[in-house]
Structures are given as structure tokens and as C-alpha cells.
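Chains as they are written, first to last, in the numbering used here: chain C, 54 to 218; chain U, 54 to 218; chain G, 54 to 218; chain Z, 54 to 218.
In this text, a Cβ means the ideal position worked out from N, Cα and C, and glycines have one as well.
4 protein chains.
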Amino acid sequence: MTNTHLAPPWQVSRWFNSAPLTLADLRGQVVVAHAFQMLCPGCAMQALPQMQRVRQLFPEQRVAVIGLHTVFEHHQAQGPLALEAFLHEYRYNFPVGVDQHVDGDPLPLTMRAYAMQGTPTLMLIDAKGRLREQHFGVLDDITLGAMLGGLLREMDEAELHGVTD
Amino acid sequence: MTNTHLAPPWQVSRWFNSAPLTLADLRGQVVVAHAFQMLCPGCAMQALPQMQRVRQLFPEQRVAVIGLHTVFEHHQAQGPLALEAFLHEYRYNFPVGVDQHVDGDPLPLTMRAYAMQGTPTLMLIDAKGRLREQHFGVLDDITLGAMLGGLLREMDEAELHGVTD
Amino acid sequence: MTNTHLAPPWQVSRWFNSAPLTLADLRGQVVVAHAFQMLCPGCAMQALPQMQRVRQLFPEQRVAVIGLHTVFEHHQAQGPLALEAFLHEYRYNFPVGVDQHVDGDPLPLTMRAYAMQGTPTLMLIDAKGRLREQHFGVLDDITLGAMLGGLLREMDEAELHGVTD
Amino acid sequence: MTNTHLAPPWQVSRWFNSAPLTLADLRGQVVVAHAFQMLCPGCAMQALPQMQRVRQLFPEQRVAVIGLHTVFEHHQAQGPLALEAFLHEYRYNFPVGVDQHVDGDPLPLTMRAYAMQGTPTLMLIDAKGRLREQHFGVLDDITLGAMLGGLLREMDEAELHGVTD
């Protein structure tokens with residue numbers, strides 16, 4: 054019944070605020086991630102502040118908050134040096150990966166692998182590494198909270214009852 | 054581990070937007086309730102708009118949203134006629150019960166039974182009728198959503214696996 | 054060019070937060086007033102908080118902030134006792150007059166004299182007592198500020214240059 | 054009584070959304086300007102949206118809204134190409150000048166001339182070209198509106214009465 058596909062691995066060329074990490078490293082946590090571009094208004098004004106709220110409300114060992122910088126336009130203006138300044142100025146200290154580009158393709162690899170339509174795109178990954186929600190845009194806080202609460206409860210149930218899929 | 058106490062029954066002298074109902078009638082749904090007073094600023098400006106958001110985001114058969122008018126001050130100004138005008142003007146159409154008074158006690162019966170400190174007070178009741186959260190004040194939307202999502206998941210788990218307490 | 058009509062006098066049956074006052078008493082100040090009903094959502098959620106902001110931002114000797122309780126519906130629920138509780142709970146301490154009713158007319162006298170369409174209705178009265186703006190609804194803060202700043206400047210000009218109309 | 058100093062000229066290396074302009078070109082209009090950096094959160098989240106509101110509320114022939122990009126940190130990340138992308142993405146179409154740098158000085162020339170403490174910095178310039186307000190940070194909308202309304206009234210008074218300084 055549940056989507057049993059693992060979230061595709063992220064192809065990241067560089068990490069900020071973290072040593073290199075993989076989604077596999079985050080098994081056992083619920084992952085809240087946003088694909089964003091630093092100069093996309095919906096990302097800067099809504100999606101990233103929402104991620105910061107999530108970061109402040111849940112313990113790190115239960116909920117991982119990570120960003121993926123999926124630059125598909127204004128490539129020169131949104132390079133790693135600019136991203137570093139952006140993260141510094143906004144005091145965002147959760148891990149942010151830079152989605153990797155290959156020559157000649159304006160869209161980065163992970164953005165293609167997830168068939169994203171644009172930014173911001175929310176991804177919710179459960180404690181077993183499965184992509185449970187992918188949403189183009191920003192969800193309201195109650196809906197995001199409810200999804201997150203459901204995945205946390207499911208994680209705790211699995212531990213209590215030893216349920217396996 | 055979980056609080057296994059049933060939520061105390063509500064003592065209601067009159068219902069608005071609903072035929073008389075009891076918490077027992079709501080088994081099988083997660084209940085989001087706020088005890089409020091219509092002239093309490095935190096109730097009118099924050100708690101009730103949040104309940105309205107919950108009402109709009111979840112299906113009625115899964116989440117019940119109800120209000121309890123727990124008048125403990127300004128009794129004359131907050132009588133049933135005033136409450137009816139208030140609910141009409143704000144277009145709140147979820148069920149609202151009037152917490153019952155007995156002679157000589159400024160605090161109504163249900164407010165006493167729950168030992169509430171004031172208004173607004175949030176109550177979350179699970180599908181089995183247990184009081185799982187009681188909070189004086191207003192929770193942020195993400196936290197409320199997460200609690201709600203956890204209780205919904207638990208309700209669904211119980212149905213799937215036949216878990217009983 | 055400017056409207057030279059004096060603002061019609063207010064017919065007030067009772068004052069809260071003030072000894073009885075008249076518009077004539079307020080000559081020499083710019084007057085920001087809202088006609089409101091305590092159970093009108095646009096009044097409680099927007100107009101009155103905006104008046105409170107004005108109160109906090111300008112000195113009392115230059116800007117008078119006053120409310121007019123123009124009850125035209127839910128008369129029983131919005132009587133003086135209810136209004137007193139409302140003003141107390143919301144900590145509004147600017148003067149509020151109760152617009153006077155005459156037998157058999159649901160609309161109070163001042164509301165009729167100003168031909169108001171409903172609540173909230175903003176009134177701006179200049180330092181010479183002229184009604185310079187009447188607006189059904191709530192203006193955004195910048196626009197209200199600009200009108201107010203214009204009337205204040207005009208008041209100061211008149212003092213400096215002795216301009217008379 | 055009034056500050057009679059003309060606002061120092063801006064030293065601009067490049068204009069966006071406009072042919073090159075000078076403050077002298079804007080005589081006869083009230084000028085609302087913000088010195089900003091595109092990666093400064095208070096600028097992007099508060100000051101620039103406020104300027105956009107001003108732009109939408111007042112006619113262009115009476116109120117000029119202009120931005121000054123005063124980069125004093127993260128120079129590489131906030132170059133003209135990045136600024137162009139930023140203005141495009143946020144749909145800001147009022148004129149924005151790039152404050153000019155000279156070799157070896159991280160602070161640009163206009164920022165130095167105005168002795169600004171940081172970004173955002175609001176500047177209000179009257180119709181005669183005098184700097185009437187300089188404020189580090191963002192003013193609330195009512196206060197900004199009142200200053201603007203005062204300067205507009207003063208401009209109109211000068212035209213009506215032929216007052217000269």
C-alpha cells in the first residue's frame with residue numbers, strides 16, 4: 054500500500070554545514086528536505102524559514118532537516134560562493150548539498166532523478182529511506198506537521214512492534 | 054506507557070452548530086478541541102482561527118473539531134445569546150458546547166473537571182477517547198499538526214493491525 | 054478645494070476610558086477614529102489593532118485616537134456591559150463612545166448622521182474639525198499613515214504661517 | 054528649522070530598471086530610497102517588500118521609489134549579474150543603482166558619503182532634494198507613511214502658496 058521505493062540517492066558536488074552525507078546515512082530518522090534555489094523568492098521567503106521552524110521544533114536524532122541547492126537558472130549568480138554567503142547571512146545551519154551538474158545540462162542530476170518541476174520542492178523521506186511525499190511548492194505548517202507526525206509515529210511503531218515491510 | 058485515561062465527559066448546557074453530542078460519540082475520530090471564551094483575545098485572534106484551519110484541512114470523518122465555551126469571567130457579557138452572535142459573525146460552523154455552570158461557582162463544570170488554568174486550552178483526544186494532550190495556550194501549527202498526524206497514524210495502525218490496549 | 058464641512062457631532066450615550074468628550078474638544082489635534090462593533094471580525098481583528106498601533110506611534114497631544122461603538126445588529130450581545138468587558142480584555146485604553154440609539158431604530162444616531170454603510174468605518178478629522186476622510190473598511194497602514202502625516206503637516210503649517218480657511 | 058542640506062549625490066556605476074538618473078532629476082517628487090544588499094535578510098524580507106508596497110500605493114509622478122545596492126561584504130556573490138537575477142526573480146521593477154566602489158575600499162562611495170551604518174538604510178528626500186530622514190533599519194508602515202504624507206503635503210503646499218526656502 055505504501056510506496057516502497059527508496060528515495061533516489063542525491064548527487065551532491067559539495068556540502069555546506071556538514072561533512073558529506075548520503076540519504077542512507079539518515080536511516081532511522083525522518084527526513085524533511087527542500088530542493089531550493091537561493092534566489093527563488095518562494096524558497097527564501099517561505100520554504101527555508103519553514104525548514105528552520107522544523108529544525109527548531111524537533112530533536113535532531115529524530116528529524117533530519119536538509120537542503121538541496123538545485124540550480125537550474127542563473128547559474129553564475131547562484132554558485133557555491135554565493136550560496137555560502139546566503140547561508141551565512143540567513144543563519145541557516147542545517148546541512149545543504151549542492152546538486153551536481155554535468156556539462157551541457159542546465160538541470161542538475163538529482164533534480165532530474167526526482168523529475169522535479171521547479172523550486173521549492175519538498176521531500177519527505179521516512180526512517181526506512183522511502184520517499185513518502187514530494188510536493189512542488191510549500192505546504193502549510195499544519196499539513197507538513199501532520200505528515201511529519203505520521204512518519205514519526207510510524208517510526209516509533211516499527212521499533213515497538215518490530216513491524217517490517 | 055501511553056496515558057490510558059479516558060477524557061472526562063463534557064458537561065454541556067447547550068450546543069451550537071450541532072445536535073447534542075458526547076465525547077463517546079466521537080470514538081473513531083481524532084478530536085481537536087479548544088476551551089475558549091469569546092472575549093479572550095488569545096482565543097479569538099489565535100486559537101479559533103487555528104481550529105478553523107484544522108477544520109478545513111482534514112476530513113470530518115477522521116478529525117472532529119469542537120469548541121467548549123468555558124466562561125469563568127464576564128459571565129453576563131458571554132452568555133449563549135452573545136456566543137451565538139459571535140459564532141455567526143466569525144462564520145465558525147464547527148460544534149461548540151457551552152460548559153455548564155452550577156449555582157455559586159464562577160468556574161464551569163468541565164473546566165473544573167479538567168483542572169484548566171485558563172483560556173484558551175487545547176485538548177487532543179485520540180480515537181479511543183483518551184485525553185492525549187492538554188495545553189494552556191496555543192501551540193504553533195507545526196507542533197499541533199505533528200501531534201494530530203501522530204494520532205491519525207495511530208488510529209490507522211490500530212485498524213490495520215488490530216492492536217488493542 | 055478642501056472639504057470645509059465640519060464633522061457632524063457624535064451622539065454618544067456613554068463613554069469608556071474617558072470623561073464625556075465632543076469632537077469640538079479635539080480641535081487642534083488630528084483625530085483618527087473607527088466606528089466599530091465589538092463582534093465584527095474586521096473590527097476586532099484589523100481595525101482596532103491598527104488604532105492601537107496609531108495610539109502607540111504618535112503623541113496624544115497631536116493625534117487623538119477614539120472609537121465609536123455603532124451597534125446596528127446583535128444589540129443585546131453588544132451592550133455597554135459587553136463592550137466594557139471587551140475593552141478590558143483587549144487592553145484598549147483609548148476613549149470609546151457608545152453611539153446613541155433612539156427607540157425603534159436599529160441604527161444609532163451618529164451612524165445615520167454619517168451615512169455609514171457598515172463597520173468598520175474609518176474617520177479622519179483634521180485639527181480644524183473637518184471630516185477629511187471616511188472609509189468603509191480598513192486602509193493599509195502606509196495609506197493611513199500618509200493621510201495622517203498629511204493632516205499633521207497641514208496642522209503645523211497653519212500654525213507656522215497663520216493660514217486660515 | 055528644517056535640514057536645508059541637499060542629499061549628497063549618488064555615485065552609481067550601473068543602473069537597473071532605468072536609464073542613468075541623478076537625485077537632481079527627481080526634484081519635484083518625494084523620494085523613498087533604501088540602501089540594501091541583495092543577500093541581507095532584513096533587506097530582502099522587509100525593506101524591499103515595503104518599497105514595493107510604496108511603489109504600488111503612490112503615483113510615480115509624486116513619489117519616486119529607488120534602490121541603492123550598497124555592497125560592503127560578500128562582494129563576489131553580490132555583483133551586478135547576481136543583482137540582475139535577484140531583481141528579475143523578485144519582480145522588482147523600480148530603478149536600482151549599484152553604489153560605486155573604488156579600488157581597495159570594501160565600502161562603496163555613496164555609503165561612505167552618507168555615513169551609513171549598514172543595510173537596510175532608509176532615505177527620504179523631499180521634493181527640493183533635501184535629505185529629510187536617514188534611518189538604519191526598517192520603519193513600520195504607519196511611520197513611513199506618515200513621513201511620506203508629510204513630505205507630499207509640504208510639496209503641495211509649496212506649489213499652492215509659492216513658499217520658498
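Taking just the CA atoms, how far does residue j sit from residue i?
i: Ala211(U); j: Gly157(C); result: 52 Å
i: Arg206(U); j: Leu79(C); result: 22 Å
i: Val107(Z); j: Leu192(U); result: 34 Å
i: Thr75(Z); j: Pro62(Z); result: 7 Å
i: Ala72(Z); j: Ile178(G); result: 42 Å
i: Ala168(G); j: Phe111(U); result: 43 Å
i: Trp68(C); j: Phe139(C); result: 14 Å
i: Arg165(U); j: Phe89(U); result: 14 Å
i: Leu184(G); j: Met200(G); result: 12 Å
i: Leu101(Z); j: Ile119(Z); result: 10 Å
i: Gly202(U); j: Ala60(Z); result: 57 Å
i: Glu186(G); j: Glu113(G); result: 20 Å
i: Gln170(G); j: Ser66(G); result: 21 Å
i: Thr123(Z); j: Glu142(C); result: 16 Å
i: His214(Z); j: Ala180(G); result: 20 Å
i: Met54(C); j: Pro173(Z); result: With a pLDDT of 43 at Met54(C), under the threshold of 50, the modelled position of this residue cannot be trusted; read the value that follows with caution. One C-alpha to the other measures close to 52 Å.
i: Gly132(Z); j: Tyr145(U); result: 51 Å
i: Gly182(Z); j: Ala77(Z); result: 7 Å
i: Gln109(C); j: His58(C); result: 29 Å
i: Arg115(Z); j: Phe125(C); result: 40 Å
Compare the beta carbon distance of residue i and residue j with 7 Å and say whether it is the shorter of the two.
i: Asn70(U); j: Pro159(U); result: no
i: Val84(Z); j: Ala117(Z); result: yes
i: Leu121(U); j: Gly95(U); result: no
i: His188(G); j: Leu204(G); result: no
i: Met104(Z); j: His87(Z); result: yes
i: Gln153(U); j: Gln82(U); result: no
i: His127(G); j: Leu92(G); result: yes
i: Gly190(G); j: Gly198(Z); result: no
i: Gln129(U); j: Leu136(G); result: no
i: Leu195(C); j: Asp194(U); result: Note that residue 195(C) is Ile in the sequence shown here, rather than Leu. Contact: yes.
Return helix, strand or coil for residue i, following the three-state DSSP convention.
i: Gly132(G); result: coil
i: His139(C); result: The displayed chain sequence assigns Phe, not His, to residue 139(C). Phe139(C) falls in the helix class under three-state DSSP.
i: Arg115(C); result: coil
i: Ala100(G); result: helix
i: Asp194(U); result: helix
i: Arg206(U); result: helix
i: Asp179(U); result: coil
i: Glu186(Z); result: strand
i: Leu79(C); result: helix
i: Ala88(G); result: strand
i: His58(G); result: coil
i: Ala199(G); result: helix
i: His214(C); result: helix
i: Gly120(Z); result: strand
i: Pro73(U); result: coil
i: Thr174(C); result: strand
i: Arg108(Z); result: helix
i: Tyr145(C); result: coil
i: Gly95(U); result: helix
Provide the residue span of the alpha helix (DSSP H) that contains residue i, from first to last.
i: Met164(C); result: Leu162 to Ala166
Can you list the residues of chain Z that residue i reaches, using a CB-CB cut of under 7 Å?
i: Met200(G); result: Gly202
Taking the beta strand (DSSP E) that residue i falls in, what are its first and last residues?
i: Arg67(Z); result: Val65 to Phe69
i: Asp152(G); result: Val149 to Asp152
Show which residues of chain G have a CB atom less than 7 Å away from the CB atom of residue i.
i: Ala130(U); result: Leu134, Ala135 and Ala138
i: His127(U); result: Ala138
Taking Cβ-Cβ distances shorter than 9 Å, what residues in chain U pair up with residue i?
i: Pro94(G); result: Ala97, Glu142, Tyr143 and Arg144
i: Leu205(C); result: Ala199, Gly202, Gly203 and Arg206
i: Leu110(C); result: Asp193, Ile195, Thr196 and Ala199
I want to verify the contact list: residues of chain C whose CB lies under 8 Å from the CB of residue i, in sequence order.
i: Val107(U); result: Ile195
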